[in-house]
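Quick note, the sequences are listed as chains A and B, same order. Its first residue numbered 1, the first sequence is counted upward by one per residue in this note's numbering. Its first residue numbered 1, the second sequence is counted upward by one per residue in this note's numbering. All C-beta atoms in this analysis are idealised placements derived from N, C-alpha and C, irrespective of residue type, glycine included. I have placed the structure first, in the form of structure tokens, so that the comments after it can refer back to it.
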Amino acid sequence: MEATIEVSGLRKRFGSTLALDGMSFTVDPGQVTGFVGPNGAGKSTTMRVILGLDSAEAGSALIGGQPYASLRHPLSHVGSLLDAGALQPSRSARNHLLWLAHSQGLGASRVDEVIEQAGLGSAIRRKAGGYSLGMRQRLGIAAALLGDPPVLMLDEPFNGLDPEGIVWIKGFLGSLAAQGRAVLVSSHLMSELQDTADHLVVVGRGHVIADTSVADLIATASSGRVTLRTTARSEAMAVLAHSGAVIATTDRDTLTISGLAAEKIVALLGESGVPFSEVSAHRATLEEAYMELTKDAVEFRAAASVQGGTEEAAR
Amino acid sequence: MTADTVTPYQPDQQTGRDGFGQLLRAEWTKFRTVRGWVIGAVVAVLVMAGLGLFVGGASSSSCQSATGASGAPARSGNACGGTVNPVGPGGEPVTDSFYFVRQPLAGNGSITVRITSLTGLLPSSNPAAQGPIDTRPGLVPWAKAGLIVKDGTTPGSAYAAIMVTSDHGVRMQDDYTSDIAGRAGTVSPASPRWLRLTRSGDTITGYDSADGTHWSQVGTVHLAGLPSTVQAGMFAASPAWQQITQNFGGGENGMVAPSQDTAVFDQLSRSGAWPAGAWTGDYIDADGGSGIGGFHQASGRFTVTGSGDIAPVVPGQAGDTGTTVTQDLIGTFAGLIAVIVVATMFITAEYRRGLIRVTLTASPRRGRVLAAKAIVIGSVAFVAGLVAAAAAVIFAAQLAHTRGSYIFPVPWPTELRMVVGTAALIAVTAVLAVALGTVLRRSAAAVTLVIVVIVLPYILGAASVLPIGASDWLLRITPAAAFAVQQATPQYQQVTAIYSPNSGFFPLAPWAGFAVLCGYAALALGLAVVLLRRRDA
Chain A
1 MEATIEVSGL RKRFGSTLAL DGMSFTVDPG QVTGFVGPNG AGKSTTMRVI LGLDSAEAGS
61 ALIGGQPYAS LRHPLSHVGS LLDAGALQPS RSARNHLLWL AHSQGLGASR VDEVIEQAGL
121 GSAIRRKAGG YSLGMRQRLG IAAALLGDPP VLMLDEPFNG LDPEGIVWIK GFLGSLAAQG
181 RAVLVSSHLM SELQDTADHL VVVGRGHVIA DTSVADLIAT ASSGRVTLRT TARSEAMAVL
241 AHSGAVIATT DRDTLTISGL AAEKIVALLG ESGVPFSEVS AHRATLEEAY MELTKDAVEF
301 RAAASVQGGT EEAAR
Chain B
1 MTADTVTPYQ PDQQTGRDGF GQLLRAEWTK FRTVRGWVIG AVVAVLVMAG LGLFVGGASS
61 SSCQSATGAS GAPARSGNAC GGTVNPVGPG GEPVTDSFYF VRQPLAGNGS ITVRITSLTG
121 LLPSSNPAAQ GPIDTRPGLV PWAKAGLIVK DGTTPGSAYA AIMVTSDHGV RMQDDYTSDI
181 AGRAGTVSPA SPRWLRLTRS GDTITGYDSA DGTHWSQVGT VHLAGLPSTV QAGMFAASPA
241 WQQITQNFGG GENGMVAPSQ DTAVFDQLSR SGAWPAGAWT GDYIDADGGS GIGGFHQASG
301 RFTVTGSGDI APVVPGQAGD TGTTVTQDLI GTFAGLIAVI VVATMFITAE YRRGLIRVTL
361 TASPRRGRVL AAKAIVIGSV AFVAGLVAAA AAVIFAAQLA HTRGSYIFPV PWPTELRMVV
421 GTAALIAVTA VLAVALGTVL RRSAAAVTLV IVVIVLPYIL GAASVLPIGA SDWLLRITPA
481 AAFAVQQATP QYQQVTAIYS PNSGFFPLAP WAGFAVLCGY AALALGLAVV LLRRRDA
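In structure tokens:
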């Protein structure tokens, strides 16, 4: 079986809200794919549809080419963590894993292996109801690993983890991907995915805004912006505006210029004898790139209703 | 893209089949690992068995004190004072008290007679008053007189009889429980009845006729193991007169007093090996002949007077104070409540925590998940019910034995049906609870609904809070109909008693009532499967 998730044209409505509006993307093996978007963008709904928990009105979601409902021993195809709180509080954490293992024809020895992997340790015999959110996330990850699946899908696994836990999970997800697994991790905070994800699927309003590698996304967001630091702000603005640049003042002595390359700016300022202390091509953070993207999506949605544009244009 | 260069992960894929057994095992693991649920099942067993013993014990002691107060010899239907009903060939408790005018019949033969009159005496309006009982002419509906062939004079022994009755025409009865209707109408000198009984081996055949010429066969019965020589002749019996008042607020008041009847026989003819000597008349009774009776013979004419009855004893007859196995199982409703709570939580707890999504992710075929849940909780409930019911019946019997109190004996297949049926009732109710829990997805709503549809109608019906008619309907159309599996004694048309749910009689036959519950459970389960498949989890 191919270790992929293929989502194509999912559409789903909750009452009057269009939760999924043509959601399409593919998750490839061997990398961590970040699934990111603001709250309400349709990330959790997409994951529920992939797992066959919710039905979509249109479109398809396939695991290695098969719909989830047709999988036998599904946990050995996909490991998932949707909600770390989905536990019977009075059942011990170990027994929670045990019944899941039994449902897949697995035994207690496999349970002990994933307990080790998730670093749950001796707390495993305590009632799950007494677990902190961080411990529940680890328990959920242990459950996702039970079937040793080639595909993993985790919804907001960073929630409730302490800094040490976040470092652990980032490394852990990376090592799972390095084994050739396809790993899809959702978050509403790009910063959590910053140095974890190799690939990003950015969503907003039920569809994909960007489906790109992290490097490409940053390059796109950074393109054509230059930061200029100068004490002669007004002179610099006059010279550059004359050459067709779009200029924004960021600070008392800082300008952000787009429409002109850095070399051209240095040349122009030199010719005109305008002093400057620094010219730097701007490199956006992933967070900035993300904010930019999702903001655009919101603006586009507002404009689209007037102009009758299609969502394809937004991509 | 890096994906081109990586080798997709190749785990050791499981090759085993995803059998239903794994699903059952997973659901069983779920059940046994929540301590509250296991405790709930144990509590169900304890309250069910405990309440049965408590109620059974309480009614036994009240019986003993009543005996001590009256001090009078009890009639055979009364369980107190050491008098125990004889047991008929089928294992059921019986009344076998009548006046018998008899001779031994060796081998095969027949006896024919004409009855020209059946009259009697009833107690006058207030038999509860002190002093001798005043009487007035009249007959109870099942006053009876006719011909009988009997194994011997031991109470409870096998017999077959053909008789005229006050209100029910000619009947052929045998071995206490069987009753076959013959020619209708009442007997009078103007409209006499001819009766004939023939014995051929184990086979007894009864005939009736209006004129002694044209005969019709009423019935043929087989009395297994009938000895070569039997006691045969004429008899008269008249069941106790009863007046029963239903109180609307619950319960009933009963008055009971002996009645008697007198029949006139003539035209006696016989075939076979009868002795030449005189007829013997005696009162057959477990108490040793304490009943009313006698006979007078003059010029081929026998006038026989008798009282008592040859019939099964059922709970709910006026004056009856014995307990039944049904009462031992009175705790069923309490155990049922505990089981309903546990069974409902078994599914609704998953909805409450979102655990249902984990369950359905592990097993995407939703119908099978529900089936596995129903089987697991149904089996747990069945075992709990079986243990509790068996314990209640066994310990109550021991308690009664220790105290010398009386429990209506029931044949062992009946007792087995009651115990297994009670376990099945609890199991199917648990399935109903799981199904409704799936439909409603809320613990409180589902628990309330199940209790309202099964426990409440049972309590309303069995506690005689309602008039008998309303109780009967509740116990016919609600899932509580399944409590019919706890009926210890069948209803006999030839025995006058209060056949109310309060006395352990249900309007439907045991398995028919159980089928009503199964119907509801199947409907609820079907609805639950449809909704579970259709709804987003």
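Same chain, Cβ closer than 7 Å to residue i, neighbours up to 5 away in sequence not counted
i         : result
SER70(B)  : Reliability fails at SER70(B), whose pLDDT of 34 lies under 50, so the model's placement of it is uncertain and the value that follows must be treated cautiously. Closer than 7 Å at Cβ, skipping near neighbours: no residue.
SER90(A)  : LYS127 and GLY129
PRO275(B) : GLN103 and PRO104
GLY219(B) : MET172, ILE180 and GLY206
For residue j and residue i, the rounded distance between their alpha carbons
i         : j         : result
VAL78(A)  : THR344(B) : 30 Å
PHE505(B) : VAL230(B) : 36 Å
ASP287(B) : ARG171(B) : 27 Å
TRP521(B) : TRP37(B)  : Checking the displayed sequence, the identity of residue 521(B) turns out to be Ala instead of Trp. Taking the straight line from one Cα to the other gives about 21 Å.
ALA210(B) : THR135(B) : 32 Å
ASP21(A)  : ARG48(A)  : 15 Å
GLY9(A)   : THR26(A)  : 11 Å
GLY206(B) : LYS144(B) : 15 Å
VAL554(B) : PRO409(B) : Look at the range of chain B in this structure, 1 to 537, and you will see that residue 554(B) is not part of it.
ALA289(A) : GLY204(A) : 14 Å
ALA190(B) : SER117(B) : 9 Å
ARG183(B) : PRO501(B) : 33 Å
ASP175(B) : TYR351(B) : 58 Å
SER503(B) : GLN267(B) : 44 Å
GLY52(B)  : SER97(B)  : 33 Å
THR285(A) : ARG534(B) : 44 Å
ALA400(B) : PRO490(B) : 23 Å
GLN217(B) : PHE235(B) : 20 Å
GLY569(B) : THR198(B) : What is shown of chain B runs 1 to 537, which leaves residue 569(B) out entirely.
ALA19(A)  : HIS207(A) : 9 Å
ASP472(B) : ALA424(B) : 22 Å
ALA232(A) : PRO29(A)  : 53 Å
ARG196(B) : ALA160(B) : 12 Å
Contacts around residue i, its chain only, beta-carbon distance under 6 Å, and the 5 residues preceding and following it disregarded
i         : result
THR119(B) : THR262
ALA106(B) : THR229 and ALA273
GLU292(A) : ALA221
LEU517(B) : VAL428, PRO479 and ALA482
ASN39(A)  : HIS188
ILE166(A) : PHE158
Buried/exposed call for residue i, threshold 16 Cβ in 10 Å
i         : result
LYS295(A) : exposed
GLY37(A)  : buried
GLY526(B) : exposed
HIS96(A)  : buried
LEU523(B) : exposed
GLU192(A) : buried
PRO239(B) : buried
LEU152(A) : buried
THR367(B) : Sequence check: residue 367(B) is Gly here, not Thr. By the 10 Å Cβ count, GLY367(B) comes out exposed.
GLY300(B) : exposed
LEU416(B) : exposed
ALA14(A)  : The identity of residue 14(A) in the sequence shown is Phe, whereas the question assumes Ala. So PHE14(A) counts as exposed.
ALA61(A)  : buried
Chain-order list of residues whose beta-carbon lies under 8 Å from that of residue i (same chain, five-residue window excluded)
i         : result
THR326(B) : PRO315, MET418, GLN486, GLN487, ALA488 and GLY504
List, from N- to C-terminal side, the alpha helix (DSSP H) runs of 4 residues or more that fit wholly inside the region 339-403 of chain B. Entirely contained in the region 339-403 of chain B, the alpha helix (DSSP H) runs reaching 4 residues are, in chain order, 355-362 and 366-403.
The region 338-356 of chain B touching the region 58-68 of chain A, judged by at least three CB pairs closer than 8 Å: Too few Cβ pairs lie closer than 8 Å, so no.
Which residue spans inside the region 78-103 of chain A form an unbroken alpha helix (DSSP H) run of at least 4? List check, alpha helix (DSSP H) in window: 93-103.
Entirely enclosed alpha helix (DSSP H) segments - the region 162-224 of chain A, minimum 4 residues: When DSSP assignments are scanned along the region 162-224 of chain A, the uninterrupted stretches of alpha helix (DSSP H) that are 4 or more residues long and fall wholly within it turn out to be 163-178, 190-193 and 214-222.
Segment contact flag, the region 20-38 of chain B with the region 371-380 of chain B, C-beta cutoff 8 Å, min 3 pairs: The region 20-38 of chain B, when compared against the region 371-380 of chain B, does touch it at the 8 Å Cβ threshold.
For the 8 Å Cβ check, are there 3 or more pairs between the region 137-152 of chain A and the region 82-89 of chain A? Judged by Cβ distances under 8 Å, the region 137-152 of chain A makes contact with the region 82-89 of chain A, as three or more pairs qualify.
Can you find at least 3 beta carbon pairs, one from the region 426-438 of chain B and one from the region 396-406 of chain B, that sit closer than 8 Å? Cβ pair count under 8 Å is below three, so no.
Is the region 510-517 of chain B touching the region 475-482 of chain B, taking contact as three or more C-beta pairs under 8 Å? Between the region 510-517 of chain B and the region 475-482 of chain B, the count of Cβ pairs shorter than 8 Å is three or higher; the stretches touch.
Are three or more beta carbon pairs between the region 485-493 of chain B and the region 416-436 of chain B nearer than 8 Å? The region 485-493 of chain B, when compared against the region 416-436 of chain B, does touch it at the 8 Å Cβ threshold.
With a cut-off of 8 Å, do at least 3 Cβ pairs link the region 34-48 of chain B to the region 335-344 of chain B? The count of Cβ pairs closer than 8 Å, one atom from the region 34-48 of chain B and one from the region 335-344 of chain B, reaches three, so the stretches are in contact.
Just to confirm the assignment: which complete alpha helix (DSSP H) runs, minimum length 4, are found wholly within the region 264-299 of chain A? Taking 4 residues as the shortest admissible run, the region 264-299 of chain A contains no complete alpha helix (DSSP H) segment at all.
May I have a chain-ordered list of the beta strand (DSSP E) segments no shorter than 3 residues that lie completely inside the region 9-89 of chain A? For the region 9-89 of chain A, whole beta strand (DSSP E) runs of length 3 or above, ordered along the chain, are 17-27, 31-36, 58-63 and 78-81.
Note down, one range per segment and in chain order, each beta strand (DSSP E) of at least 3 residues found wholly within the region 163-246 of chain B. The region 163-246 of chain B contains these whole beta strand (DSSP E) runs: 170-174, 178-181, 193-200, 203-209, 215-222, 229-237 and 241-246.
Counting pairs of beta carbons, one from the region 224-239 of chain A and one from the region 269-282 of chain A, are three or more of them closer than 8 Å? Short answer: they touch.
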